[in-house]
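Everything below concerns the one structure shown next.
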Amino acid sequence: MPAAPQRIVVVGASLAGATAAVTLRKDGFEGALALIGEEPRVPYERPELSKSYLRGEVPFEELLVRPAEFWSDHDVDLRTGSRAVAIDVDRRIVRLAEGEELPFDRLLLATGCRNRTPPIPGADADGVYLLRTVDECDRLREDAVAGRSAVVAGMSFIGSEVAASLRSLGLEVTGIVSEAFPLGRIFGDEVGRELDEIHRSNGVRLVANDRLESIEGRGRVEAVLTTNGERLACDLAVLALGVEPATELAEETPIEVDDGILVDELSRTNVEGIFAAGDVARFQHPSVGRRMRVEHWQNARRHGRAAARSMLGAGRPYDEVPWFWSDQYDHELQFAGFHGTWDATSVRRDDGGLVAYFSAGGILEAAAAIDRPEAIRGAIPRIAAREPVARLPAWPTRTAGRG
């Protein structure tokens with residue numbers, strides 16, 4: 015049995031990495047613990063950057079994973095504004111950009127994702143935002159003056175939330191949708207059509223089956239051009255074109271990488287003593303029997319906690335059912351289950367909302383709901399149990415609150 019670790023390094027100080035560091039201390043690890051983060055901020059959570067924080071409804075302090083003093087109080091060597099540039103797996107060393115080398119017995123890679131940035135002419139103009147960090151969100155909020163116009167390129171989760179937030183701030187908003195309906199590729203046309211109507215009823219213009227081609231402006235964005243030839247004048251633009259796992263640190267090592275850092279059900283890479291968790295990790299799910307990578311808040315928090323316990327030799331197979339929510343206007347979209355190719359969908363609706371159940375091979379794989387959180391609470395244990403669709407939950411009694 016491997017010796018108990020004395021030195022642990024966590025690379026990535028967002029939710030997964032920070033949660034792992036918290037768990038290590040709470041579960042009794044007393045050795046040297048370093049937490050490395052590129053941003054010059056104490057660890058914080060990102061979901062509200064496209065929602066309440068963008069709208070100015072909550073202060074930055076409410077986004078913190080733990081109060082700022084937690085890290086020093088618990089003897090965590092928090093390195094903000096620091097970038098890991100190399101891993102020496104033989105010497106068990108993480109090298110930082112400033113030249114310092116940190117030794118480790120166990121290493122957790124929680125480097126997350128970065129915004130996908132295809133080569134779009136004009137994307138470096140002022141008034142163009144990617145919205146990955148709190149500093150970017152602060153700049154966007156200062157620019158989001160009522161009466162201005164904005165284009166949101168990409169209407170998946172983040173783009174849809176940003177569009178809703180900008181509308182609530184009084185901006186005219188146009189959303190470019192790469193398919194027929196927002197999130198239609200993920201949830202199908204019926205759910206997508208409902209989301210489309212929600213946005214349009216709140217005053218968002220949607221340009222469907224189109225993509226961002228280029229950005230015009232003399233120093234600052236003045237308009238965006240689409241692949242289908244539309245010219246959309248605007249005062250600012252938000253590029254919500256998806257994300258990709260930040261795997262470059264592992265790519266220069268023997269660690270296996272394939273659309274993320276590959277780990278087993280205990281968060282272990284193929285290199286002894288090195289683990290990965292959160293958005294960057296493509297983990298083996300024991301119930302489903304395949305690898306998956308999940309880019310949502312709940313997975314980052316729970317996977318970070320699970321990886322920490324595995325590093326201490328007390329791990330258990332990570333078998334969570336992925337779950338997330340998205341607030342748009344006064345509506346709430348929730349999803350639970352496993353992404354993939356579904357061969358059947360059952361959609362139910364009433365005046366209070368909509369629920370869609372997705373199945374493959376006769377097994378309930380996932381559920382999505384608009385304004386029916388109780389349906390998701392009921393579906394999660396059935397998805398975990400791999401129940402047949404013949405035993406779909408009864409139409410739930412309406413209650414308030416997230417799943």
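In the working numbering, the protein residues as written are 15 to 417.
Don't be surprised by glycine CBs; every beta carbon is placed ideally from N, CA and C.
Treat the numbers as computed from the prediction; the structure is a model and nothing was measured.
Looking at the backbone, the Cα of alanine 404 and that of glycine 376 are separated by about 8 Å. In the pairwise beta carbon analysis, the region 102-120 is classified as touching the region 16-25: at least three pairs are separated by under 8 Å. Sequence-distant Cβ neighbours of serine 179 in its own chain, meaning closer than 7 Å and more than five residues away, are Ser64, Lys65, Leu68, Arg69. Only residues of its own chain outside the window of five on either side were considered, and among them Leu226, Glu227, Ser228, Ile229, Leu253 have a CB closer than 8 Å to the CB of isoleucine 134, listed in chain order. Taking C-beta atoms as the reference points, proline 259 and valine 103 fail to come closer than 8 Å.
Threonine 355 sits exposed, since fewer than 16 C-beta atoms from the chains shown fall within 10 Å of its C-beta. Contact check between the region 37-46 and the region 305-314: fewer than three CB pairs, one atom from each, fall below 8 Å, which does not count as touching.
For the set Val369, Glu150, Gly26, Val90, the Cα lying nearest the Cα of glycine 202 is the one of Val369. Following the DSSP letters along the chain, one finds threonine 33 inside the alpha helix (DSSP H) bounded by residues 29-40.
In the displayed model, phenylalanine 297 falls within a strand according to three-state DSSP. Judged by their CB atoms, proline 132 and leucine 246 are not nearer to each other than the 8 Å cut-off.
For aspartate 273, the closest alpha carbon among the candidates Val308, Phe289, His299, Arg282 is that of Val308.
Residue pairing of tyrosine 67 in beta bridges, as defined by DSSP: absent, with no partner found. In the DSSP annotation of this structure, isoleucine 269 is not part of any alpha helix (DSSP H), being labelled neither H nor E. Residue pairing by DSSP places isoleucine 190 opposite Ala167, Val221 in a beta bridge. Annotation: the continuous beta strand (DSSP E) that includes serine 228 extends over 226-230.
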